[in-house]
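Here the structure comes first, spelled out in structure tokens, and everything after it is commentary.
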Amino acid sequence: MDWPRHAGRTMLGLLVLAAMQLGGPLQIFVHLPSAIVLGFGTLAAWGLLSGRALPSLRRTLAAPRPSPTELATARVTARAGRRALWSVTSAAAAVHLIQLMMYINDLSAIGPLIAALFLGPLYALLLDCTVLSSVEQAVVQKAASLGVADTVIDTAERSARPRSSRTQAQH
91 MDWPRHAGRT MLGLLVLAAM QLGGPLQIFV HLPSAIVLGF GTLAAWGLLS GRALPSLRRT
151 LAAPRPSPTE LATARVTARA GRRALWSVTS AAAAVHLIQL MMYINDLSAI GPLIAALFLG
211 PLYALLLDCT VLSSVEQAVV QKAASLGVAD TVIDTAERSA RPRSSRTQAQ H
């Protein structure tokens, strides 16, 4: 990844932190249980979605000349990480909504539950924009630097993607 992108992402992060600081102390934007559930839940879901392809993602990015199939598998794996992140975020939001409805009569419990409800997607957005999109972009840049066209990766990606039972029945 080149320096302008690093500088841009750093500036974006500092801008978000500055905006959060203007809204109050940074401690109000930290909800440790949400961060832990989101972090470990995403890693677990990503591992379940990707299986053995997750460890090969790092090897593909570190390899000097990976094959188009390896690049396609890496791109599918990176996209699976983004899907896992937003799936876990949706599940956590559903849990927070259920908790909110359980304690709807307790006005003192509503504020922290609403805060936790909104902090989960904020954490997911920051993680997606800074880490997971960078991983996917690194795979695309690796393919471009090797002169592998997107059509080659798309074809290999279709063959690397697992088929559902309904799709297999149609073929």
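Residue numbering for the sequence shown follows this note's numbering, starting at 91 and increasing by one per position.
In this text, a Cβ means the ideal position worked out from N, Cα and C, and glycines have one as well.
What you are looking at is a predicted structure, and each value in this text was computed from that prediction instead of being measured.
Rounded straight-line distance, which links the Cα of Gly98 to that of Leu175 = The C-alpha of Gly98 is placed about 23 Å away from the C-alpha of Leu175.
Ordered along the chain, which non-local residues of its own chain (more than five positions away) have a Cβ less than 8 Å from that of Met110?
-> Excluding sequence neighbours, Met110 sits near Leu116, Phe119.
Can we say the region 204 to 220 touches the region 172 to 188, given the rule of at least three CB pairs closer than 8 Å?
-> Judged by Cβ distances under 8 Å, the region 204 to 220 makes contact with the region 172 to 188, as three or more pairs qualify.
Within its chain, find whatever has a CB closer than 6 Å to the CB of Gly131; leave out the 5 residues flanking it on each side and keep chain order.
-> Correct list, in chain order: Val178.
Mind the definition here: the region 144 to 160 touches the region 191 to 204 only if three or more C-beta pairs lie below 8 Å; say whether that holds.
-> Three or more beta-carbon pairs separated by less than 8 Å are not found between the region 144 to 160 and the region 191 to 204, which leaves the two stretches without contact.
What span of residues does the alpha helix (DSSP H) with Leu144 cover, start to end?
-> Residues 143 to 152.
Asp196 - DSSP class collapsed to helix/strand/coil = Coil at Asp196, not helix or strand.
Backbone secondary structure at Leu236 - three-state DSSP | DSSP places Leu236 in coil when its eight states are reduced to three.
Along the alpha helix (DSSP H) that carries Phe119, what are the first and last residues, could you check?
-> For Phe119, there is no enclosing alpha helix (DSSP H), as DSSP marks it with neither H nor E.
Which of helix, strand or coil DSSP assigns to Arg155 = It is coil, neither helix nor strand.
In its own chain, which residues sit with a C-beta less than 8 Å from the C-beta of Ala262, not counting the 5 before and 5 after it?
-> Absent from the model: residue 262. The displayed extent of the chain is 91 to 261, so no value can be given.
Give the secondary structure of Gly114 by DSSP, where H, G and I count as helix, E and B as strand, and everything else as coil.
-> In the structure shown, Gly114 falls within a coil segment according to DSSP collapsed to helix, strand and coil.
Pair every Cβ in the region 187 to 195 with every Cβ in the region 159 to 168, then say whether three or more of these pairs are closer than 8 Å.
-> In short, these stretches do not touch, since the Cβ pair count stays below three.
By how many angstroms is the C-alpha of Asn195 removed from the C-alpha of Thr100?
-> Spanning the two alpha carbons is a distance of roughly 43 Å.
Ala135, buried or exposed, once every other Cβ within 10 Å from all chains shown has been counted against 16 = Result: buried.
Do the CB positions of Arg172 and Leu222 come within less than 7 Å of each other?
-> Taking 7 Å as the Cβ cut-off, Arg172 and Leu222 qualify as a contacting pair.
Could you name the residues of the same chain whose beta carbon sits closer than 8 Å to that of Leu128, not counting the 5 residues immediately before and after it, in chain order?
-> A distance below 8 Å between beta-carbons, with the five flanking residues on each side excluded, links Leu128 to the following residues of its chain, in chain order: Leu175, Val178, Thr179, Ala182, Gly210, Tyr213, Ala214, Leu217.
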